[in-house]
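Undergrad: Got a structure here, written out as structure tokens. Questions coming.
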Amino acid sequence: MKPINEFSRISFGVYPTPLYRLNQISEKYGKNIWIKRDDLCGVALGGNKVRKLEFLLADARNQGADTVFTTGGAQSNHAMLTAACAARLGMKCYLLLKKRGITDYKGNLILDDIYGAEVRFIDTDSYDDIYREMHRIGEDLEKEGHKCYYIPCGGSNALGSVGYANAVKELSEQIRDVTTDEGEKLKIDAVVSATGSGGTTAGLLLGTRMYLPEAKLFGIAVDTDPFEEIVPEIACQGAALMETSLEELDCGEHLPDHFEMFHHWGAGYAIPGAQDTPYIHELARMEGILLDPVYTGKAWAGFLEKLKEGYFDSFENIVFVHTGGAAALFAMRLPEK
Ligand SMILES: *Cc1c(COP(=O)(O)O)cnc(C)c1O
């Protein structure tokens, strides 16, 4: 296996991100619920895309790129964080965003502008159309002598997923210093996170198998894509980069023992759900933590609903990975019943 520290990586964030027990929430729900604060990773308003970009933009730099392209929804956290990280490398950043949802000058679109990104809206429902347009613009720029690097939606490819395998390595080292109230070593047996394009969950799957083998991974889908297939697919490619395989990581026929998807997309991707608002309020009012209505609010609400239904009865210490997204709170209202 190729150790992660042999991959080129640019450290944009401040690590390790905090890990702590949510005391009031744990009391209320009768479980030890911990939070891994990747929303506090130190770039812009934080978020999971930074860990992926550390590997993706290192690759871009190694290839001599001076221009980076990516895509997402109009309020994409990934696009905003790509603009922030590219700026730090002095790279020009083009964001080709779907002309869907909230395209007003709000939330992440304000930040994209502050970070100096070139934003273009593309009026399409298909990312294939966007990738075609990206390469058309890129080819023109290359004729002028620029070198372009293309990052897929969400940074969710094999190399991006290595960022989240690395996050679990960090988590496994971090819990060595944590003792529970009973004075015992903390043993994490479940990890829960939002799934939007799949790369984070894929990386968490690789990482838990490699560094936290006693933990089962749960992805909460906030979009309707078939993540039961997409996540193992990206993980398989990520494993290949790390010179291993899903079989070697016990994710062949035993995959269901280690990984499960739940869904909680509500009315659809990026449509805030009134049923999630009480959970968003609760975490803010009991623990001071902000969730967003597109990703973390849905994942958190979906997780607690499953917990109430008994799906987590056999787990003691559960880590919720906070993947960021707060800028959406400044672009849309939380709906109430
Ligand atoms: C992109 C994103 C996710 C989902 O991560 P994927 O790797 O796309 O599945 C979760 N939370 C937030 C805040 C995000 O921006």
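Using the numbering used here, the letters of the sequence shown correspond one by one to residues 1 to 337.
We treat Cβ as the ideally placed atom computed from N, Cα and C, and that holds for glycine.
(1) Taking Cβ to Cβ, would you say V168 is nearer than 8 Å to L241?
(2) Can you tell me which residues form a DSSP beta bridge with N317?
(3) Please tell me whether, using a cut-off of 7 Å, the distance from the CB of A327 to the nearest non-hydrogen atom of ligand 1 is below it.
(4) Where does G219 fall in DSSP's three states?
(5) Compare the beta carbon distance of K31 and N77 with 8 Å and say whether it is the shorter of the two.
(6) Using a 10 Å radius around the Cβ and a threshold of 16 neighbouring Cβ atoms, would you call T180 buried or exposed?
(7) Relative to ligand 1, is the shortest distance from any of its heavy atoms to the C-beta of H78 smaller than 7 Å?
(8) Confirm, please, whether the CB-CB distance from D276 to G325 is below 8 Å.
(9) Exposed or buried, N340, counting other C-beta atoms within 10 Å across all chains shown (16 or more means buried)?
(10) Between which residues of its own chain and G46 is the CB-CB distance below 6 Å, once the five residues before and five after are set aside?
(11) At a cut-off of 7 Å, would you count G183 as near ligand 1, judging by its Cβ distance to the nearest heavy atom?
(12) Please classify L97: does DSSP put it in a helix, a strand, or coil?
(13) Could you check if A194 belongs to the surroundings of ligand 1, using beta carbon to heavy atom distance under 7 Å?
(14) Determine the DSSP secondary structure at T224, reduced to helix, strand or coil.
(15) Can you tell me whether N48 sits near ligand 1, meaning its C-beta is under 7 Å from at least one heavy atom of the ligand?
(16) Any chance the region 81-90 sits against the region 109-121, with 3 or more Cβ pairs inside 8 Å?
(17) Three-state secondary structure (DSSP) at F259?
(18) With a floor of 4 residues, list each alpha helix (DSSP H) that falls wholly inside the region 38-65, ordered by position along the chain.
(19) What did DSSP end up calling K169 once you bin it into helix, strand or coil?
(20) How far does the alpha helix (DSSP H) with I271 in it reach, from first residue to last?
(21) With respect to 7 Å, is the separation between the Cβ of T208 and the closest non-hydrogen atom of ligand 1 below this value?
(22) Taking 7 Å as the cut-off, is the C-beta of S26 nearer than that to any heavy atom in ligand 1?
(23) Is G288 near ligand 1, going by C-beta to nearest heavy atom under 7 Å?
(24) Identify, in the order they occur along the chain, each residue of the same chain with its Cβ nearer than 7 Å to the Cβ of F312, setting aside the five sequence neighbours on each side.
TA: In brief:
(1) Contact: no.
(2) DSSP lists N32 as the bridge partner or partners of N317.
(3) Relative to ligand 1, even the nearest heavy atom lies 7 Å or more away from the CB of A327.
(4) If DSSP states are grouped into helix, strand and coil, G219 belongs with the strands.
(5) Not a contact, by the Cβ cut-off of 8 Å.
(6) Here T180 is exposed. Its C-beta has fewer than 16 other C-beta atoms within 10 Å.
(7) Yes, since a heavy atom of ligand 1 falls inside the 7 Å radius drawn around the Cβ of H78.
(8) With contacts defined by Cβ atoms closer than 8 Å, G325 and D276 do not form a contacting pair.
(9) Because the chain in this structure spans residues 1 to 337, residue 340 falls outside the shown range and cannot be described.
(10) Counting only Cβ-Cβ distances below 6 Å, and skipping sequence neighbours, we find D39, L40 and G324.
(11) Of the heavy atoms belonging to ligand 1, none sits nearer than 7 Å to the Cβ of G183.
(12) Judged by DSSP in its simplified three-state form, L97 adopts strand.
(13) Yes, ligand 1 has a heavy atom inside 7 Å of this Cβ.
(14) Reduced to three states, the DSSP call for T224 is coil.
(15) In this structure, ligand 1 has a non-hydrogen atom nearer than 7 Å to the beta-carbon of N48.
(16) Because the criterion of three Cβ pairs below 8 Å is met, the region 81-90 and the region 109-121 touch.
(17) Strand.
(18) Qualifying alpha helix (DSSP H) stretches, in chain order: 49-62.
(19) In the three-state scheme derived from DSSP, where H, G and I count as helix and E and B as strand, K169 is classed as helix.
(20) For I271, no alpha helix (DSSP H) segment is defined, and its DSSP state is neither H nor E.
(21) Because no heavy atom of ligand 1 lies under 7 Å away, the Cβ of T208 does not count as near it: no.
(22) The answer is no for S26.
(23) Every heavy atom of ligand 1 is 7 Å or more from the Cβ of G288, so no.
(24) Apart from sequence neighbours up to five positions away, the residues of its chain that approach F312 with a beta-carbon distance below 7 Å are K31, A190, K306 and I318, ordered along the chain.
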